[in-house]
Amino acid sequence: MKKLILFFAILFSMGMQAQKADVKYVNVRNVYDFQTEANEYRLNSALKNKMQSLGYIVYFDNEIPEDVRLNPCLEYRAELTEIKSSTATKLNLAITDCKGKIVFSKEGVSKLKLHKKSYIDAFNKIFEYSNIDILAKK
426 MKKLILFFAI LFSMGMQAQK ADVKYVNVRN VYDFQTEANE YRLNSALKNK MQSLGYIVYF
486 DNEIPEDVRL NPCLEYRAEL TEIKSSTATK LNLAITDCKG KIVFSKEGVS KLKLHKKSYI
546 DAFNKIFEYS NIDILAKK
């Protein structure tokens, strides 16, 4: 019984590695729901730079690569949302695969008063103690 469980665990992990190996693109939206203009607070470009540093080809909504048009499972989707709070700026980053499964999710909180600084501070805190490096391309 233990060997059977071990076999399925190894098979499952190999499947997850194969799926991650196939993904080479990340879709970052031009404007997220809490933003009023493209790249407001410079969050979109900061997210693009972070995902590029992990080895992905990053594109915005209006520039979908032909590979992704043919095979949507070659991409992750990066969704940045604001969590309502009266005393802090809270952002959540969720990265999903083509089936809608969340492969990474983390929240960042900032108590800074100025909006311009608080959004980027909350964004940076998403990555402070996160395990996003597991998504890094080898």
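Heads up, the sequence shown stops at 563 in this note's numbering, and the numbers go up one at a time, no gaps.
Note that CB positions come from ideal geometry on N, CA and C, so glycine has one too.
Source: prediction; values computed, not measured.
Boundaries of the beta strand (DSSP E) in which residue i is found, first to last residue
i    : result
L539 : Run containing L539: none; DSSP gives neither H nor E here.
Residue i - partner residues in DSSP beta bridges
i    : result
F412 : What is shown of the chain runs 426 to 563, which leaves residue 412 out entirely.
K531 : L518
Y501 : V451
E465 : E465 pairs with nothing; no bridge assigned.
I551 : I551 pairs with nothing; no bridge assigned.
I508 : K515
Exposure of residue i, with buried meaning 16 or more beta-carbon neighbours within 10 Å
i    : result
D475 : Per the sequence shown, the amino acid found at residue 475 is Lys instead of Asp. Its Cβ being crowded by 16 or more others within 10 Å, K475 is buried.
Y554 : exposed
P455 : Before going further, note that residue 455 is Asn rather than Pro in the sequence given. The residue is exposed, with fewer than 16 neighbouring Cβ atoms inside 10 Å.
Proximal residues to residue i (C-beta, below 7 Å), its chain only, five neighbours per side dropped
i    : result
A561 : L479 and G480
S535 : A513, T514, S543, D546, A547 and K550
Selected residue, minimal CA-CA separation from residue i, among the options
i    : options                   : result
N517 : N487, L468, K542 and V451 : L468
I520 : Y466, A463, Q460 and I559 : I559
A547 : T506, C523 and F529       : T506
I527 : E488, I557 and A471       : I557
N496 : I545, K524, F529 and S510 : K524
K531 : D458, I508, L537 and K538 : I508
Cut-off 8 Å between Cβ atoms - residues of its own chain near residue i, not counting five sequence neighbours on either side
i    : result
F437 : Low confidence applies here, because F437 scores a pLDDT of 43, under 50, leaving its location unreliable and the question unanswered by this model.
Y450 : Y481, I482, V483, Y484, P490, D492, V493, L499, E500 and Y501
Range of the contiguous alpha helix (DSSP H) that encloses residue i
i    : result
D492 : E491 to L495
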